[in-house]
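>
Protein chains: 2
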Amino acid sequence: MNVPPKNPSETNREYAFRVISENIISLDIEPGSMIGEQEIATVLGLSRTPVHEALLELSKSKIVDILPQKGCLVSMIDSDLIREARFLRITVETALVEDACELATEADLQELEENLQLQEFYLNKDPLKLMPLDNNFHKIIYRICNKMQCHYMVSLMSMHFDRVRNLSLHSVKDLKIVSDHRAIYNAIKEKDPVAARAAFQKHMARFELDWNIICQEYKQYISDGSK
Amino acid sequence: MNVPPKNPSETNREYAFRVISENIISLDIEPGSMIGEQEIATVLGLSRTPVHEALLELSKSKIVDILPQKGCLVSMIDSDLIREARFLRITVETALVEDACELATEADLQELEENLQLQEFYLNKDPLKLMPLDNNFHKIIYRICNKMQCHYMVSLMSMHFDRVRNLSLHSVKDLKIVSDHRAIYNAIKEKDPVAARAAFQKHMARFELDWNIICQEYKQYISDGSK
DNA sequence: GATTCCTAACTAGTATACAAGTTCTTTTTC
DNA sequence: GAAAAAGAACTTGTATACTAGTTAGGAATC
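Chains as they are written, first to last, in the numbering used here: chain G, 1 to 227; chain U, 228 to 454.
(1) Just to make sure I have the definition right: I need the residues of chain U whose C-beta is within less than 9 Å of the C-beta of C72(G). Which are they?
(2) Around the Cβ of L355(U), are there at least 16 other Cβ atoms within 10 angstroms (buried) or fewer (exposed)?
(3) Taking three-plus beta-carbon pairs below 8 Å as touching, is the segment 150-166 of chain G in contact with the segment 370-390 of chain U?
(4) Let me know if S61(G) comes out buried or exposed under the rule of 16 or more other beta-carbons within 10 Å of its beta-carbon.
(5) Is the segment 114-128 of chain G touching the segment 190-201 of chain G in the sense that three or more CB pairs, one from each, lie closer than 8 Å?
(6) Closest to E106(G) by C-alpha separation, out of N186(G), N12(G) and A199(G), would be which residue?
(7) Are N146(G) and E311(U) touching if we call contact CB-CB under 9 Å?
(8) So does the segment 273-287 of chain U actually touch the segment 245-259 of chain U, counting three or more Cβ pairs closer than 8 Å?
(9) By the 10 Å Cβ neighbour count, where 16 or more other Cβ atoms means buried, how is P5(G) classified, buried or exposed?
(10) When the Cα atoms are used, what is the spatial distance from S226(G) to L58(G)?
(11) When we look at the beta-carbon of V421(U) and count the other beta-carbons within 10 Å, is it buried (16 or more) or exposed?
(12) When the Cβ atoms of the segment 65-74 of chain G are set against those of the segment 32-51 of chain G, are three or more pairs found closer than 8 Å?
(13) Would you kindly work out how many angstroms separate the C-alpha atoms of T91(G) and P8(G), rounded to a whole number?
(14) For chain U, check one thing: does any of its Cβ atoms lie closer than 9 Å to the Cβ of T105(G)?
(15) Counting only C-beta atoms, is T11(G) closer than 9 Å to chain U at any point?
(16) What are the complete beta strand (DSSP E) segments, minimum 3 residues, inside the segment 44-83 of chain G?
(17) What do you get for I206(G), buried or exposed, if any count of 16 or more other CB atoms within 10 angstroms of its CB means buried?
(18) Taking M157(G) as the query, report the chain U residues whose CB atoms sit under 8 Å from its CB, ordered along the chain.
(19) What do you reckon, is the C-beta of R316(U) under 8 Å from a heavy atom of the ligand FAD?
(20) Distance cutoff 9 Å, beta carbons only. Does D389(U) sit that close to anything in chain G?
(21) Note down the Cα distance separating E257(U) from D307(U), rounded to an integer number of angstroms.
(22) Specify, as a first and last residue, the run of the alpha helix (DSSP H) that P359(U) falls within.
(23) Would F434(U) pass as an interface residue toward chain G - the criterion being a Cβ-Cβ separation below 9 Å?
(24) Under a three-way DSSP split, which group does I256(U) fall into?
(25) Name the two residues that bound the continuous alpha helix (DSSP H) containing L336(U).
(26) Name the two residues that bound the continuous alpha helix (DSSP H) containing D353(U).
(27) Could you name the residues of chain U that S95(G) contacts, counting a contact when the two beta carbons are closer than 8 Å?
(28) How would you label D28(G), buried or exposed, when you count the other beta carbons within 10 angstroms and need 16 or more for buried?
(29) Using CA coordinates, which residue listed in V3(G), N2(G), E22(G) and D180(G) is at the minimum distance from P132(G)?
(30) State yes or no: is the beta carbon of E280(U) nearer than 9 Å to at least one beta carbon in chain G?
(31) Tell me which residue opens and which closes the alpha helix (DSSP H) that M157(G) is part of.
(32) Got a sec: is the Cβ-Cβ distance from S223(G) to anything in chain U below 9 Å?
(33) Applying the 10 Å Cβ sphere with the 16-neighbour rule, what's the burial state of E102(G)?
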């Protein structure tokens, strides 16, 4: 388990939530493994209370499953939950990119452009930096549409999805993702909701291609009835 | 504050969450009022711990705002959050009713039909029973589409929306809501996604009509910049 | 009288202690 | 030796105690 330092501005509970989340998404904590509150509390140098509260929040998105008096099970990769997370993101964000065509100000477009510049910069240099930039690109679109609470809800569920994104191979795919973002940006800039919708759906469809490969490769992490 | 008995199958935390939620949605706890953990714990006959955890979960949907070392503020009715909740419901459930046309089995249709019978039965007898039936009608559609996790996320945000639904007057409106549900059901039964989509959007549009009236009537509960 | 400062009474965040349930090992029993 | 019973060693749920920060009121000061 990877333990970054505590940010002084965050509470112990927020710190515990952040560290556990990151380790689950990065697969440093293996799907299907059991984690104990005491064990994590000791590693983080905290008492059980903030760790308990962090796990409680994580259990709401079913990324962990608290088994009373037994322990806390980190969920296996579950195709049904990934399907739900993907459905939610596609449905919500498709509507958002359309709205963004109307709502985006010059400053908003500049923020997106700046994010895209960084994506293109890191594309060949340090692809690991792409995922946070990708996440932020989508987050900016929520902010443009004043839907930050929706963003929080969608993010929570997206953890299932993010964990698999980490398994996908980089290289060619990264190139396409960045150019997808560029296409979405152009459509918003041109205030063309039809093009924005099309570009976004093309973007999200890329994931489907990888799913079968990932299923083969990492089947020890994938729960039962996933095809 | 209205305190129903504790269901033996629920934990103290779940009990606290249920009671606080219900009292906020029913407006028995007034928007804008402060509530203390100790105060609620005493009323419910619990310690602060489960109440604290319940409030923590409620704060995630911004229905309460925890002010550290000060207290817990029950949020004012906030038009921005209602707009988000409505956006999320409309966006997600519009997609769902389309999918339901394909996915609904005979047993599913029967469950919807049964719910509709009850709605029509209580329409003139006991309109207060309509809201749980309404909620359940929508929940069944999530279940048909295997999107229960989405349902949980949408429900959490819908609390903002539900609190206002409680303010809307009954009578004529109830009649229309029940017939809307019937129309959605018929479209799903006929496997007609276009009709389902149209019926659902007409259904959700009814709310807009009430908003201005409610704003006038209950402005003491409504936060700042709501028009 | 108005202002400043200090103290006492609040609050939520967190640590610790205990209760209750699960699991696995050991001991007893046949 | 096999099976059943007992108990020790875990787990999370919850109560309690303490910490630290906020607020309000009264005393001291000008």
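Where is the CB? At the ideal position from N, CA and C, for every residue including glycine.
Reading from the atomic positions:
(1) Correct list: empty, because the minimum Cβ distance to chain U is about 15 Å.
(2) With fewer than 16 other Cβ atoms inside 10 Å of its own Cβ, L355(U) counts as exposed.
(3) Taking 8 Å as the limit for Cβ pairs, the verdict is that the segment 370-390 of chain U does touch the segment 150-166 of chain G.
(4) With 16 or more other Cβ atoms within 10 Å, it is buried.
(5) Short answer: they don't touch.
(6) Distance check between E106(G) and each of N186(G), N12(G) and A199(G) places N186(G) closest, using alpha-carbon atoms only.
(7) In this structure, E311(U) lies closer than 9 Å to N146(G) by Cβ.
(8) Look at the beta carbons and you see the segment 273-287 of chain U touching the segment 245-259 of chain U: at least three pairs across the two are nearer than 8 Å.
(9) Classification of P5(G): exposed, given that the 10 Å Cβ count is below 16.
(10) With a pLDDT of 47 at S226(G), under the threshold of 50, the modelled position of this residue cannot be trusted; read the value that follows with caution. Between the alpha carbons of S226(G) and L58(G) lies a gap of roughly 23 Å.
(11) Of the residues assessed, V421(U) falls on the exposed side of the cut-off, its CB having fewer than 16 other CB atoms within 10 angstroms.
(12) Counting C-beta pairs closer than 8 Å gives three or more between the segment 65-74 of chain G and the segment 32-51 of chain G, which meets the contact rule.
(13) Their Cα atoms are separated by approximately 37 Å.
(14) Under the 9 Å criterion on CB atoms, T105(G) is classed as non-interfacial with respect to chain U.
(15) So yes, T11(G) belongs to the interface.
(16) As far as the segment 44-83 of chain G is concerned, its whole beta strand (DSSP E) runs of at least 3 residues are 64-67 and 71-74.
(17) The amino acid at residue 206(G) is misidentified as Ile; the sequence shows Arg. Label assigned to R206(G): exposed.
(18) Within chain U, the residues near M157(G) are Q376, C377 and M380.
(19) This structure does not include the ligand FAD; it has no bound ligands of any sort.
(20) Under the 9 Å criterion on CB atoms, D389(U) is classed as non-interfacial with respect to chain G.
(21) Answer to the nearest angstrom: the Cα atoms are 19 Å apart.
(22) Where P359(U) is concerned, the enclosing alpha helix (DSSP H) stretches over L357 to I371.
(23) Chain G contact via Cβ: absent.
(24) In this structure, I256(U) counts as coil in the three-state DSSP scheme.
(25) Per DSSP, L336(U) belongs to the alpha helix (DSSP H) from E333 to Y349.
(26) From DSSP, D353(U) is part of no alpha helix (DSSP H); its letter is neither H nor E.
(27) The sequence shown places Ala at residue 95(G), not Ser. Here the neighbours are F314 and T318.
(28) Answer is exposed; the Cβ neighbour count stays below 16.
(29) Shortest Cα-Cα distance from P132(G) to any of V3(G), N2(G), E22(G) and D180(G) involves E22(G).
(30) Interface residue, yes.
(31) M157(G) -> alpha helix (DSSP H) spans M148 to R165.
(32) No, S223(G) does not count as interfacial toward chain U.
(33) Counting other Cβ atoms within 10 Å of its Cβ, E102(G) stays below 16 and is therefore classed as exposed.
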